[in-house]
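Peer 1: Handing you a structure now.
Protein chains: 2
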Amino acid sequence: RSEPSDEVEIPLPPPTNPPTRVLDIDEKTPDAHVPRDPRLIRLTGVHPFNVEAPLSALFNEGFLTSPELFYVRNHGAVPEVKDQDIPDWEFSVEGLVERPLTLTLRQLIAEYEQITCPITLVCAGNRRKEQNQVRKSKGFSWGAAGVSTALFTGVAMSELIKKARPRKGARYVCMEGADKLPNGFYGTSVKLNWVMDPNRGMMLAHGMNGEMLRPDHGKPLRAVIPGQIGGRSVKWLKKLIVTAAPSDNWYHIYDNRVLPTMVSPDESANNPKWWHDDRYAIYDLSTNSAVAYPAHEEQVCLKAGPEKYRAKGYAYGGGGRRVTRVEISIDKGQTWRLADIDYAEDRYREAEQTLFGGRLDMSWRESCFCWCHWSLDIPTLELADAKDIVVRAMDESMNIQPKEMYWSVLGMMNNPWFRVTISKEGDYLRFEHPTQPALMPGGWMERVKKAGGNLINGHWGEKLDGEEGKA
Amino acid sequence: RSEPSDEVEIPLPPPTNPPTRVLDIDEKTPDAHVPRDPRLIRLTGVHPFNVEAPLSALFNEGFLTSPELFYVRNHGAVPEVKDQDIPDWEFSVEGLVERPLTLTLRQLIAEYEQITCPITLVCAGNRRKEQNQVRKSKGFSWGAAGVSTALFTGVAMSELIKKARPRKGARYVCMEGADKLPNGFYGTSVKLNWVMDPNRGMMLAHGMNGEMLRPDHGKPLRAVIPGQIGGRSVKWLKKLIVTAAPSDNWYHIYDNRVLPTMVSPDESANNPKWWHDDRYAIYDLSTNSAVAYPAHEEQVCLKAGPEKYRAKGYAYGGGGRRVTRVEISIDKGQTWRLADIDYAEDRYREAEQTLFGGRLDMSWRESCFCWCHWSLDIPTLELADAKDIVVRAMDESMNIQPKEMYWSVLGMMNNPWFRVTISKEGDYLRFEHPTQPALMPGGWMERVKKAGGNLINGHWGEKLDGEEGKA
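Going down the list, the sequences are from chains Y and U.
Counted the way the working numbering counts, the first sequence spans residues 1339 to 1809.
Counted the way the working numbering counts, the second sequence spans residues 1339 to 1809.
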């Protein structure tokens, strides 16, 4: 490892074009104070605001995502905080501590060391539409763009907890936001041991890609919990509460869980024990990947085109674990090819500098908290003979995406092999992704279901008789 | 969590019956000084000594394994250390450090805090025989008993490294044993960052279940690296070397790797680049499980027997991650049942005491470094209608065992669903495990292959036509 230097070229945010006007569609909602990008795809009607970018638009931005395309998961109305009030935003550190603290954002910035770090956030529901195609879950239909990356600036969460001095018996840090919801303020918890572990990199952030957090992303202060599902990164943060038990917040109990697959929606509604078993709470992300190109409905001309097609996509691991391989099959998993991986995050490790007012120093850390991009050149003629492209990633702990979907009642953490189908239409190849987000029609899963196929027959619903080709 | 107390009943080692005599078979080998238990199954002929216990015998011992049944992976001859020389065993901490140390085991015990902790070790080759049935790998045939648990006593590795004071640029800790092999002393490395992380619990151990390490287990001093493959827990430890790069020891490079699945034995032999890519080195274990009962060739009488059969087995996660569910299917994965899990390791968390001369204090730690045992009652009549029992585990990061095998050239980290077949013979059900260890015949994989089945057709080699029952 070479000496740290200011000379290393680190990825910087893509050009941003901050929305300045409130969209007509938002005018009659409680979010009428929030300007937004019209490209975002709304997943839960007009309000609350839950959105992902079109997958190609997200991927084309590169490693870092501009705040206006960064996915959003809001449970209710966005708290309104005027710019002049930001420095006075108050939050507390309380509970099982010797020295409870209340401080303002002004103090947080003035009195604590500021750090900057690239972190990928992923919604636990990323790719949930696929689960909903197999069997309706209790969650709305994310496509594969519930993932975004930014440079966050703020303070290590451990600094505040240390200052407050946890008492004997303290094991959890609960977080609570300012978003008042039908079941109380949004809140959740993580383990105190994790908060104190520098390798886990948990922070309180006020900056995102060098600017103040925007309203949908927690303005003016949020938790950022790297390597874990987005649902733990509480926005509009008001409280850190050190406790002996996990959060009893409604959203901690009834959201962000993978119940065992045999628990049906009815069973989960009738039997609260499933929700109160902390073993089923989701913390780390699991290994996942998706294809960005070929895009859904992309066409490739077999005549006059280039000899090779460059397939591209993303992959990420959980809990700071690096994706160590991405493999592609064009024969349904019988044989695999190794994709190239670009880990842009690694380029920051060589740098040691101040960025956006925070110290960027990842040289000492072994964990990976960002997505990577993969690519593979495939001869076009081979694609023309194939029925599909599937991709799977494996992390440094040899956790691999399975072929089978693990369906669960909330439809979270969906991570089977990502499959794009290929159909030959005259001189063209046409590609289909598994689904399209929200209620948008399209995708091979919908098509297969309509044709009477059983999506969980182990062959993506294809008929086993009459199967052509190399099956 | 209740107050720590001495009253908690913690699992203690099973009765041990230390072998006192050298077996005839060992008399002509370099290990003629090592008494051994004749029940152990030899996996590589007579010498070197690589063994696992019969799976039932291992499982019947319970949570902790007696040293005489604890699996052994030796690359060569066992260094002979006479009892009177043990206190003078010398080892060093050197390399990129301010203060290189040489100390004796006497000093290690007298001058450092002693700790005791239950830790499961697992060979990276556990269950490799299944890989060898699919396609011959470059490794010998472990069954599913390459896993054992003991209470290890010794010193946190971080204490020694701190004392030696790593210098700037230090990133790895290499370890070297006293076992001289054709390619040098056995050695490997782990990341310095991990060594210094108390949650990873790496230690130097001289005690095992309250007695001195026995010769096959590293007498008088070994590394114990919890949550990682056994191959990192260097035995007969002589050196800790702090470095800027991973170990260049032959065994670190050419062993304990999962090369990408498309790399054939020939390709791996012809192209060294595969071995030198650190991304393919194995550190953390991956999620795994196996059935102990029904045992291989066990018979269950349908007449006059009990109405329910209690299936039992083990599961473990990697990197300290807890197994949060174990699921059983008797219809080939179409539906699943939730097994009960007994995490004996948790009982030590409530205790805080001195055990075997070391401080046992796991109250502060969130990680799980031991196997768990699962069980599930299945109505015998349902078993009689089923063709097989499959089991899969999932860890707290939602890493689940896949249905498919990930074959690789060294055949390591095999962790697909563990499957036991059922055949009805008159009034009896007969069960078959996938394989038997070493060259022992038996198991459904061998039977299916002989019948011309393709083990990787996605149905364990069963024919898709003529398939009876609920398929």
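Beta carbons are placed, not taken as given, at the ideal position from N, Cα and C, and that holds for glycine.
Can U/W1712 and U/A1677 be called in contact, C-beta distance under 8 Å?
Peer 2: For the purposes of this step, residue 1712 of chain U is taken as the residue at position 374 of the second sequence. For the purposes of this step, residue 1677 of chain U is taken as the residue at position 339 of the second sequence. Cβ distance < 8 Å, so U/W1712 and U/A1677 count as in contact.
Peer 1: Terminal residues of the continuous alpha helix (DSSP H) containing Y/A1395?
Peer 2: Looking up residue 1395 of chain Y in the first sequence gives position 57. Run containing Y/A1395: 1393-1398, per the alpha helix (DSSP H) assignment.
Peer 1: In the DSSP assignment, the beta strand (DSSP E) including U/D1678 goes from what residue to what residue?
Peer 2: The count along the second sequence starts at 1 and reaches residue 1678 of chain U at position 340. From DSSP, the beta strand (DSSP E) with U/D1678 extends over 1678-1680.
Peer 1: Rounded to the nearest angstrom, what separates U/K1420 and U/L1575 at their Cα positions?
Peer 2: As a working note, residue 1420 of chain U is residue 82 in the second sequence. As a working note, residue 1575 of chain U is residue 237 in the second sequence. Roughly 16 Å separates the two Cα atoms.
Peer 1: Would you identify the three-state DSSP class for U/H1771, choosing helix, strand or coil?
Peer 2: Here residue 1771 of chain U corresponds to residue number 433 of the second sequence, with the count starting at 1. Of the three classes helix, strand and coil, the one that applies to U/H1771 here is coil, per DSSP.
Peer 1: Once the 5 residues before and after U/L1721 are set aside, which same chain residues still bring their CB inside 8 Å of it?
Peer 2: Start at 1 with the first residue of the second sequence, and residue 1721 of chain U comes out as number 383. The answer, listed in chain order, is V1638, Y1647, I1668, I1727, I1760, L1767.
Peer 1: Assuming Y/L1623 contacts Y/A1483 under a Cβ cut-off of 8 Å, what Cβ separation, rounded to an integer in Å, is found between them?
Peer 2: One-based indexing of the first sequence puts residue 1623 of chain Y at position 285. One-based indexing of the first sequence puts residue 1483 of chain Y at position 145. About 15 Å; that fails the 8 Å criterion.
Peer 1: Taking only the alpha-carbon atoms, compute the straight-line gap between U/V1460 and U/K1577 and give it to the nearest angstrom.
Peer 2: Here residue 1460 of chain U corresponds to residue number 122 of the second sequence, with the count starting at 1. Here residue 1577 of chain U corresponds to residue number 239 of the second sequence, with the count starting at 1. In a straight line, the C-alpha of U/V1460 is about 23 Å away from that of U/K1577.
Peer 1: Considering U/K1576, what are the terminal residues of the beta strand (DSSP E) in which it resides?
Peer 2: Counting from one through the second sequence, the residue named residue 1576 of chain U turns up at place 238. Here the beta strand (DSSP E) through U/K1576 covers 1575-1581.
Peer 1: Select from U/F1707, U/P1644, U/R1687 the residue whose C-alpha is nearest the C-alpha of U/G1658.
Peer 2: Taking the second sequence and counting its residues from 1, the one referred to as residue 1658 of chain U is at position 320. Looking at the Cα atoms, U/F1707 is the closest of the given residues.
Peer 1: For chain U, is any of its Cβ atoms less than 8 Å away from the one on Y/W1674?
Peer 2: Taking the first residue of the first sequence as position 1, residue 1674 of chain Y is located at position 336. Yes, Y/W1674 lies at the interface with chain U (some Cβ there is under 8 Å from its Cβ).
Peer 1: Since Y/G1796 meets chain U, which of its residues come closer than 7 Å, beta carbon to beta carbon?
Peer 2: On the first sequence, residue 1796 of chain Y is found 458 positions in, with the first residue counted as 1. Under the 7 Å cutoff, chain U gives G1796.
Peer 1: Closer than 7 Å to a non-hydrogen atom of the ligand SAH - does that hold for the CB of Y/R1617?
Peer 2: Judged by which ligands are present, the structure shown has none, so any question about the ligand SAH falls away.
Peer 1: Return the first residue and the last residue of the alpha helix (DSSP H) that U/S1606 is part of.
Peer 2: The residue labelled residue 1606 of chain U in the question sits at position 268 within the second sequence. It spans 1603-1608 - the alpha helix (DSSP H) in which U/S1606 sits, taken as one unbroken run.
Peer 1: Look up U/W1595 in the DSSP assignment and say whether it is helix, strand or coil.
Peer 2: Walking along the second sequence from the start, residue 1595 of chain U turns up at place 257. It should be noted that the sequence gives Arg, not Trp, for residue 1595 of chain U. Note: U/R1595 maps to strand in three-state DSSP.
Peer 1: State the start and end residues of the unbroken alpha helix (DSSP H) segment that holds Y/L1719.
Peer 2: As a working note, residue 1719 of chain Y is residue 381 in the first sequence. It spans 1718-1723 - the alpha helix (DSSP H) in which Y/L1719 sits, taken as one unbroken run.
Peer 1: So which of U/E1800, U/K1801, U/N1795, U/K1787 has the shortest CA-CA distance to U/N1470?
Peer 2: As a first step, residue 1470 of chain U must be located in the second sequence, where it is residue number 132. The residue with the shortest Cα to Cα distance from U/N1470 is U/K1787.
Peer 1: Is the shortest distance between the beta-carbon of U/N1752 and the beta-carbons of chain Y less than 8 Å?
Peer 2: The residue given as residue 1752 of chain U occupies position 414 in the second sequence. Not closer than 8 Å to any Cβ of chain Y, the Cβ of U/N1752 fails to qualify, so no.
Peer 1: What's the gap between the Cα of U/P1564 and the Cα of U/N1737?
Peer 2: If you number the second sequence from 1, residue 1564 of chain U lands on position 226. If you number the second sequence from 1, residue 1737 of chain U lands on position 399. Approximately 18 Å, taken between the alpha carbons.
Peer 1: For U/H1544, which of helix, strand or coil comes out of DSSP?
Peer 2: In the second sequence, counting from the first residue as 1, residue 1544 of chain U sits at position 206. Correct three-state label for U/H1544: strand.
Peer 1: Report the three-state DSSP secondary structure of Y/V1629 (helix, strand or coil).
Peer 2: In the first sequence, counting from the first residue as 1, residue 1629 of chain Y sits at position 291. Here Y/V1629 sits in strand by DSSP.
Peer 1: Taking the alpha carbon of U/K1762 as the reference point, which residue from U/T1599, U/K1725, U/N1608 has its own alpha carbon closest?
Peer 2: Residue mapping note: residue 1762 of chain U aligns to position 424 of the second sequence, counting from 1. Of U/T1599, U/K1725, U/N1608, the smallest CA-CA separation from U/K1762 is found for U/K1725.
Peer 1: Given that Y/I1738 touches chain U, what residues does it touch there, using C-beta distances under 8 Å?
Peer 2: Here residue 1738 of chain Y refers to the residue found at position 400 of the first sequence. Residues of chain U passing the Cβ test: P1740, Y1744.
Peer 1: Which residues in the same chain have their Cβ closer than 8 Å to the Cβ of Y/E1784, if we skip the five residues on either side of it in sequence?
Peer 2: What you label residue 1784 of chain Y is simply residue 446 of the first sequence in a count that begins at 1. Contacts found: Q1471, T1773.
Peer 1: How about U/V1372 and U/I1379: are their beta carbons less than 8 Å apart?
Peer 2: For the purposes of this step, residue 1372 of chain U is taken as residue 34 along the second sequence, with counting starting at 1. For the purposes of this step, residue 1379 of chain U is taken as residue 41 along the second sequence, with counting starting at 1. Against a cut-off of 8 Å, the Cβ pair of U/I1379 and U/V1372 comes out as no contact.
Peer 1: According to DSSP, is U/L1559 part of a helix, a strand, or is it coil?
Peer 2: The residue you call residue 1559 of chain U lines up with position 221 of the second sequence. Coil.
Peer 1: Would you mind telling me which residues of chain U sit closer than 8 Å to Y/I1663, beta carbon to beta carbon, in chain order?
Peer 2: Indexing the first sequence from 1 puts residue 1663 of chain Y at position 325. The sequence as given places Arg at residue 1663 of chain Y; Ile does not occur at that position. What Y/R1663 touches in chain U: P1598, R1617, Y1618.
Peer 1: Cα separation between Y/Q1566 and U/G1796?
Peer 2: Within the first sequence, residue 1566 of chain Y is the residue found at index 228, counting from 1. Within the second sequence, residue 1796 of chain U is the residue found at index 458, counting from 1. A direct Cα-to-Cα measurement between Y/Q1566 and U/G1796 gives close to 32 Å.
Peer 1: Within 10 angstroms of the Cβ of U/T1581, are there 16 or more other Cβ atoms? Answer buried if so, exposed if not.
Peer 2: On the second sequence, position 243 is the one that residue 1581 of chain U refers to. Answer is buried; the Cβ neighbour count reaches 16.
Peer 1: Hey, is Y/Y1621's beta-carbon within less than 8 Å of any beta-carbon in chain U?
Peer 2: For the purposes of this step, residue 1621 of chain Y is taken as residue 283 along the first sequence, with counting starting at 1. Output row for Y/Y1621: interface = yes.
Peer 1: Can you find a C-beta in chain U that's less than 8 Å from the C-beta of Y/V1678?
Peer 2: For this step, residue 1678 of chain Y is matched to residue 340 along the first sequence. The sequence shown places Asp at residue 1678 of chain Y, not Val. Not closer than 8 Å to any Cβ of chain U, the Cβ of Y/D1678 fails to qualify, so no.
Peer 1: Can you tell me where the beta strand (DSSP E) holding U/Y1690 begins and where it ends?
Peer 2: Your numbering for residue 1690 of chain U matches position 352 in the second sequence. Looking at the sequence shown, residue 1690 of chain U is not Tyr but Glu. Counting along the chain, the beta strand (DSSP E) containing U/E1690 begins and ends at 1690-1693.
Peer 1: Among residues of its own chain, excluding the 5 on either side of U/E1399, which ones have a beta-carbon nearer than 7 Å to its beta-carbon?
Peer 2: Position 61 of the second sequence, counted from the start, is the residue given in the question as residue 1399 of chain U. Excluding positions up to five away in sequence, the list reads P1352, L1407.
Peer 1: Per the DSSP calculation, U/I1453 is bridged to which residue(s)?
Peer 2: Counting from 1 along the second sequence, the entry for residue 1453 of chain U is found at position 115. DSSP lists U/G1492, U/R1697 as partners of U/I1453.
Peer 1: Chain Y partners of U/G1656, CB-CB under 7 Å?
Peer 2: The residue labelled residue 1656 of chain U in the question sits at position 318 within the second sequence. Simply S1735.
Peer 1: Measuring only the C-alpha atoms, how far is U/V1664 from U/R1730?
Peer 2: As a first step, residue 1664 of chain U is located in the second sequence; it is residue number 326 there, counting from the start. As a first step, residue 1730 of chain U is located in the second sequence; it is residue number 392 there, counting from the start. Their Cα atoms are separated by approximately 6 Å.
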